[in-house]
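**Q** Just so you know, the protein sequences line up as chains R and P, in that order. Count along the first sequence from 1, add 176, and you get the number used in our numbering. Count along the second sequence from 1, add 28, and you get the number used in our numbering. Idealized CB from N, CA, C, for every residue including glycine. Let me begin by handing over the structure; questions about it come next.
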Amino acid sequence: MRVSLIFIAAAVLWAQTRAPERSKQQTTRKDAAAPAGDAAKGKKLFTATGCYECHGYVGQGGTAGPRIAPDPIPFPAFSAYLRHPANQMPPYTEKVASNQDLADIYAYLKTIPQPPSPDSIPLLKK
Amino acid sequence: MVQVLKSLGFEYVAANPGSSFRSLHESLVNFGGNINPEFLTCCHEESAVAMGDGYARIEGKPLAVCAHSTVGLQHASMAIYNAYAGRVPVFLVLGNTVDITLRRNLGDWDHSAQDAAAMVRDYTKWDDLPASLTQFAESAVRAYRIAMTPPMGPVVLVADSGLQESPVPETTRIPIPKLTLMSPPAGDSAAVNEIARLLMAAEMPVIVAERAVRTAAGMKLLVELAETLQAPVTQGKFPTDHPLSHPDGKVIADADVVLGMEVNDLWGAVHVYRDQLHGSARSLIRPGVKLLSISPNELYIKSNYQNFQRFTDPEVNIAADAETTMPALIEACKRLLTADRKNAIAERGRRLTQRHAQAREQARQAATLAWDASPVSWQRLFAEVWELMKDQDWALVGGQPSRLWRIDRHYQTMGVTGSGGAGGVGFTAPASVGAALAHRKHGRLCVSIQSDGDLLYAPGVLWTAAHHRIPLLIVMHNNRAYHQEVMHVQRMANRHQRGIENARTGTTLTNPDIDFAAIAKGMGVYSEGPISAPKDLAAALRRGVDVVRKGEPALVDVVTQPR
């Protein structure tokens with residue numbers, strides 16, 4: 177159990193530090209591992225359960241929390257981290273957010289599109 | 029009293045009027061001609077003191093603040109505590125009436141105290157109650173000198189109304205001592221040499237330079253020290269384009285020596301606290317890493333308020349001003365630079381240059397996230413503001429800068445936190461107006477990223493900015509909540525497993541949404557907004573800058589993502 181939690185923490189830390197990626201193959205692999213969820217409901221839950229407070233309305237991250245979309249981490253790691261977070265995030269027990277809630281939120285995160293390339297944005301060009 | 033204040037070179041006196049200093053007030057504007065110092069009309073004593081805080085951070089010296097006895101000082105007290113914790117000089121003249129026969133009515137009794145400055149004595153450097161004009165002159169010069177000696181801080185001079193209002197014969201000549209500032213404390217050579225030895229022998233020395241830089245010369249010294257060592261700088265006023273600028277602090281995990289220079293919380297710089305049911309702390313540095321410190325903070329420390337932070341025990345701990353000590357430290361390091369070390373240091377510099385470039389590129393990539401989202405993302409807001417500032421002589425006088433901005437002048441930010449020294453909310457709005465006042469004579473374009481909750485404490489400072497024609501672009505970071513507090517309540521709700529739907533009760537600023545543009549307009553400030561769509565932002569900001577360029581304040585209300 178301890179090993180798996182360390183693995184999950186490492187996965188989340190990896191997700192926090194990496195730059196946005198655009199791998200279709202990776203998205204497909206994650207989709208296969210995720211349970212069915214209702215993205216529209218997930219979007220509402222994302223706000224209602226306060227996820228946006230740290231991660232922003234589209235999961236972009238901010239000063240208080242890391243980016244979690246697009247390309248969310250695999251669902252098992254996502255779910256496990258919510259139940260047993262390794263860093264500052266408070267744990268979300270099943271009493272607070274059910275497994276179905278997590279699946280819905282995850283479905284919402286998967287709908288968040290890739291950002292434009294910085295080179296396509298005049299204000300961000302080098 | 030006016031002559032004394034003039035002799036100290038005050039440009040301004042900021043105050044909300046109060047009868048306990050009515051004689052001084054009248055003398056300032058008539059006898060003193062309302063020039064040097066010029067009276068700044070403030071709508072709250074907290075605003076007056078915080079304006080002084082912001083002004084001093086840029087000007088390098090205090091303005092004078094007057095406050096009414098008891099209730100006025102009570103209003104001022106949070107801002108005084110911010111200045112104390114932030115090591116910022118503030119010179120407060122406090123009215124009071126000691127002699128009961130001079131108290132005219134019920135109000136005068138309510139607004140008099142036996143020991144008027146006692147309430148703030150725990151967080152001021154010095155105070156006095158002069159009984160004569162000669163004592164007032166001496167104490168004023170002493171107070172100014174104490175406020176300006178590192179570690180700097182606020183001082184209080186009680187101007188008794190009896191002394192203020194007693195006639196002074198025309199022939200009376202009150203001697204006013206000449207102001208001579210103290211030389212700041214510098215580190216002794218043995219300790220400085222030992223720090224140099226440890227830094228030069230290190231494989232990865234890291235500099236945490238939180239409050240080390242006060243002046244342009246200080247910024248140059250910090251660059252020279254970092255370049256001599258090829259050491260990354262994680263905090264403080266350091267050019268952001270410099271390859272040794274590593275503000276994300278990740279490099280501290282690789283350190284074998286950490287030099288803290290005027291770090292308020294050295295323990296916090298090398299630890300992270302995990303706020304869970306069972307709180308725990310984790311070290312960010314490896315076992316055996318040598319901690320070094322240069323800071324004047326423990327030269328002046330008090331017991332009651334706990335802003336001295338967690339205890340640390342650096343290997344070498346110099347009680348001195350960092351900026352004053354840096355020249356000797358640089359020379360000591362250079363003396364130890366052998367050919368062998370030169371190669372290793374240069375190689376470290378190459379690695380850090382690469383890391384710096386990678387981090388900048390990551391920040392550029394991250395800025396694209398939520399680029400077109402509504403409410404407006406922080407990064408979009410930063411990018412739009414930067415576009416208007418980048419070719420100007422600019423200064424950010426409120427809020428935090430973006431990682432992507434090019435900061436290469438010491439006056440371009442307000443310090444490491446950008447907020448009040450003690451984190452007392454309500455600081456940014458008045459401090460930004462005070463700082464913009466200091467920048468005004470230099471013609472700099474001043475911008476403040478202003479949070480909604482902070483402005484609501486004392487929005488009257490908008491009127492002060494309009495009345496005194498202080499040019500400042502206020503860009504609202506209007507996230508319609510005290511989001512940090514939402515998260516605290518949410519954390520507790522999670523901990524108690526009660527559901528988190530109610531965490532926004534008492535922490536949000538909606539229903540109705542607050543119309544900051546209307547508030548600003550009512551205060552005589554040009555305004556636009558609320559703006560929720562990113563596409564509308566650039567034009568609104570440009571119009572705001574046009575107003576500021578004409579010498580007036582402007583406010584653009586932007587509805588933003590939470591944090």
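Compute the Euclidean distance between the alpha carbons of T204 of chain R and L285 of chain R, then round it to the nearest angstrom.
**A** Unreliable positioning characterises T204 of chain R in this predicted model, as indicated by a pLDDT of 47, which lies under 50. The coordinate reading is nonetheless provided below. Straight-line Cα distance between these residues: approximately 14 Å.
**Q** Roughly how many whole angstroms lie between the Cα atoms of A367 of chain P and M228 of chain P?
**A** Cα to Cα, the separation comes out at about 12 Å.
**Q** Between the beta-carbon of P212 of chain P and the beta-carbon of P178 of chain P, is there less than 8 Å?
**A** Against a cut-off of 8 Å, the Cβ pair of P178 of chain P and P212 of chain P comes out as a contact.
**Q** Alpha carbon to alpha carbon, how far is F339 of chain P from M180 of chain P?
**A** Cα-Cα distance, rounded: 21 Å.
**Q** Since F544 of chain P is in the alpha helix (DSSP H), which residue starts that stretch and which ends it?
**A** Note, F544 of chain P: alpha helix (DSSP H), 544-550.
**Q** Please confirm whether T239 of chain R has its beta-carbon closer than 8 Å to some beta-carbon of chain P.
**A** Yes, because at least one Cβ of chain P sits closer than 8 Å to the Cβ of T239 of chain R.
**Q** So, using beta-carbon positions, are I281 of chain R and P246 of chain R closer together than 8 Å?
**A** No, the pair does not count as a contact, with Cβ atoms beyond the cut-off.
**Q** If the criterion is Cβ atoms closer than 8 Å, does the pair N345 of chain P and S321 of chain P meet it?
**A** In contact: N345 of chain P and S321 of chain P (Cβ atoms closer than 8 Å).
**Q** To the nearest angstrom, how far is it from the Cα of E73 of chain P to the Cα of Y554 of chain P?
**A** C-alpha separation (whole angstroms): 24 Å.
**Q** Within a Cβ cutoff of 8 Å, which residues of the same chain sit near A411 of chain P, ignoring the five residues on either side of it in sequence?
**A** For A411 of chain P, where only same-chain residues beyond five positions count, the Cβ hits under 8 Å are A395, S430, L432.
**Q** Give the residues of chain P in contact with N263 of chain R, contact being defined as C-beta atoms less than 8 Å apart.
**A** R302, listed in chain order.
**Q** So which residues on chain P does G223 of chain R lean against when the C-beta distance must stay under 7 Å?
**A** According to the sequence provided, residue 223 of chain R is Thr. The question's Gly does not apply to it. Residues of chain P passing the Cβ test: none, with the nearest at roughly 10 Å.
**Q** For chain P, is any of its Cβ atoms less than 8 Å away from the one on R259 of chain R?
**A** For R259 of chain R, the answer is no, since every Cβ of chain P falls outside 8 Å of its Cβ.
**Q** Let's see if you can read the secondary structure: which residues bound the beta strand (DSSP E) around F119 of chain P?
**A** Start and end: 118-124.
**Q** DSSP three-state call for N506 of chain P: helix, strand or coil?
**A** Reduced to three states, the DSSP call for N506 of chain P is strand.
**Q** Applying the 10 Å Cβ sphere with the 16-neighbour rule, what's the burial state of V188 of chain R?
**A** Note on V188 of chain R: pLDDT 42, under 50, position unreliable in the model; the coordinate value appears next. It is buried - the Cβ of V188 of chain R has at least 16 other Cβ atoms within 10 Å.
**Q** Quick one: grab the DSSP three-state call for H467 of chain P.
**A** If DSSP states are grouped into helix, strand and coil, H467 of chain P belongs with the helices.
**Q** Only counting the same chain, and skipping five residues up and downstream in sequence, which positions put a Cβ closer than 7 Å to that of E513 of chain P?
**A** Taken in chain order, the residues that qualify are T535.
**Q** Could you say which of P:W137, P:A347, P:I202 lies nearest to V30 of chain P if we only look at CA atoms?
**A** Nearest option by C-alpha distance: P:I202.
**Q** Could you tell me which whole alpha helix (DSSP H) segments of length 4 or greater appear in the region 141-202 of chain P?
**A** As far as the region 141-202 of chain P is concerned, its whole alpha helix (DSSP H) runs of at least 4 residues are 161-176, 189-193.
**Q** Sorted by chain position, which residues of the same chain lie with C-beta nearer than 7 Å to R149 of chain P's C-beta, five sequence neighbours on each side aside?
**A** If we look at R149 of chain P and ignore the five residues flanking it on each side, its Cβ neighbours are D155.
**Q** Could you check which residue in P:R225, P:I542, P:K265, P:A42 has the C-alpha nearest to that of M435 of chain P?
**A** Contrary to the premise, residue 435 of chain P reads as Ile rather than Met in this sequence. Per the Cα distances, P:K265.
**Q** Counting only C-beta atoms, is Q202 of chain R closer than 8 Å to chain P at any point?
**A** Low per-residue confidence applies at Q202 of chain R: pLDDT is 42, beneath 50, and the placement is therefore not dependable, though the value from the model is reported in the following sentence. No - not a single Cβ of chain P is within 8 Å of the one on Q202 of chain R.
**Q** Exposed or buried, what is L583 of chain P when buried is set at 16 or more other beta-carbons lying within 10 Å of its beta-carbon?
**A** By the 10 Å Cβ count, L583 of chain P comes out buried.
**Q** Could you work out which residue in P:N530, P:G452, P:V279 is closest to Q386 of chain P when comparing CA atoms only?
**A** It is P:V279.
**Q** Excluding the five sequence neighbours on either side, which residues of its own chain have a C-beta within less than 8 Å of the C-beta of P271 of chain P, listed in chain order?
**A** The residues are G377, L380, T381, H384, A385.
**Q** Who are F67 of chain P's beta bridge partners in DSSP?
**A** Partner(s): P:V41.
**Q** Using 10 angstroms around the beta-carbon of E193 of chain P, count the other beta-carbons present and answer buried if the total reaches 16, otherwise exposed.
**A** So E193 of chain P counts as exposed.
**Q** Can you pull the chain R residues whose beta carbon is under 8 Å from the beta carbon of M515 of chain P, in chain order?
**A** Residues of chain R passing the Cβ test: G226, E229, C230, A240.
**Q** Hey, is the region 78-93 of chain P in contact with the region 454-466 of chain P, meaning 3+ C-beta pairs nearer than 8 Å?
**A** In short, these stretches touch, since the Cβ pair count reaches three.
**Q** Got a sec? Which residues, its chain only, sit under 6 Å from Q202 of chain R by beta carbon, not counting five neighbours each side?
**A** Low confidence applies to Q202 of chain R: its pLDDT is 42, below 50, so where it sits in the model is not reliable enough to give any reading.
**Q** By the DSSP assignment, the alpha helix (DSSP H) with H384 of chain P in it spans what residues?
**A** It spans 367-394 - the alpha helix (DSSP H) in which H384 of chain P sits, taken as one unbroken run.
**Q** Tell me which residues share the same chain as E231 of chain P and place their Cβ nearer than 7 Å to its Cβ, disregarding the 5 neighbours each side in the sequence.
**A** Closer than 7 Å at the Cβ level, and outside the excluded window around E231 of chain P, lie D284.
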